[in-house]
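In my numbering, the protein residues as written are 8 to 309. Beta carbons are placed, not taken as given, at the ideal position from N, Cα and C, and that holds for glycine. If you're wondering where the values come from, they're calculated on a predicted model, not measured in any experiment. Take a look at the structure set out below.
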Amino acid sequence: MLITSSTRPLRCSGIALIAILYVLLSGCSASQLLFFPKKNYLRTPDQIDIRYQQIVHPSEGGASLNSWYLQSPNKPRGIVYFLHGNAENISTHIASVFWLPKAGYDVFMLDYRGFGLSTGIAKIPEVFSDLESGFEWIQAHNSDKLPVYIVAQSLGASLAVPFAADPEINKHINGLVIDAAFGNYAQITRDTLSQHWLTWLFQYPASWLISNPYNPVDFIHRVSPVPTLIYHSKQDRVIPYRNAAQLFQKANEPKDFFIAKGPHIATFNQEAARDRLLNFMKSNQTINRPAQSGRPKSENPL
């Protein structure tokens, strides 16, 4: 069955303009502009022959989160903690990871508060509690002490960087993989709103509202000694490629870079991108160890 990645992004439209005006006039949290949740599932893993558990787990503020745990048909080699982008829900973002169980990895797919069957309203910093909740579930149920890797895309990737930089999380992960991340919230807001005449005038006021202290570019150096693999496509029209180059430059070793092809978060449609991820995880089965010298040579993003 052909599964295609959802590319509904950090979007710019008349809806975004209305949302900005609502924030300006109501005092609503500006960070809510980043999230575009979808409640209904478009598919479930069993419909594409993947064995899974639906996980219900609590988060801060009384939110109840509904996530999926995809199970490998064979003895798993590790666990992937997957953090999706800002739109829709896990039922569409499964397009990026459905192949991993057959490759030997269990996958915990987190749906943030307000997404899918999860309750609450997604905003920053509350959503970091959701990341912690999912990670705690993995830790509590990882009886075989399998290696754990964070794989994240788009807004999820930008959330994953400060999350992985937390010393209490950092010491329990074997690798961080970020695809199509942005480095700075204010800058990506300006970039997004500048793309449409309806929102062009609002790019600076909105960026002042949405600026926050969780910019990935300020945290990525703290992820080391956990190995970091950065993906980005030069054809990404949602998050400019320069974000990846900036993050790679700021990251400490060990680090790798893979130049993807195609539109936003279509990375894992490519066999070469999948192979690089599998090699990265295989090379980092021992926690907090640099990848082996035989790992694929990193591409230069600069």
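How should L49 be labelled, buried or exposed, when 16 other C-beta atoms within 10 angstroms of its C-beta is the threshold for buried? exposed
Measure the beta-carbon distance from V168 to F89 and round it to whole angstroms, keeping in mind my assumption that it falls under 8 Å. 15 Å between Cβ atoms; not a contact.
State buried or exposed for I55, treating a residue as buried only when at least 16 other CB atoms are found within 10 Å of its CB. exposed
Does the beta-carbon of D151 have 16 or more other beta-carbons within 10 angstroms, so that it is buried, or is it exposed? exposed
Those residues which DSSP pairs with K262 across a bridge: T235
Option nearest N149 by Cα separation, candidates K289, D113, N81: D113
Determine whether the beta carbon atoms of P132 and G111 lie at a separation below 9 Å. no
Secondary structure of V245, DSSP reduced to three states: coil
May I ask you to report which of helix, strand or coil DSSP gives A37? Its pLDDT being 47, under 50, A37 is placed unreliably by the model, and the measurement read from it follows with that caveat. DSSP places A37 in helix when its eight states are reduced to three.
Distance, Cα to Cα, I57 vs H100? 14 Å
Using the Cα positions of P154 and P52, report the straight-line distance between them to the nearest angstrom. 23 Å
With DSSP as the reference, label E306 as helix, strand or coil. coil
For M116, which residues does DSSP report across the bridge? W75, F89
Please determine if the stretch 280 to 291 and the stretch 180 to 188 are in contact, where contact requires at least 3 C-beta pairs separated by less than 8 Å. yes
Are the Cβ atoms of R283 and F265 separated by less than 9 Å? yes
Taking C-alpha atoms, which residue in V87, Q194, K46, N93 lies nearest to N73? K46
Please classify A188: does DSSP put it in a helix, a strand, or coil? coil
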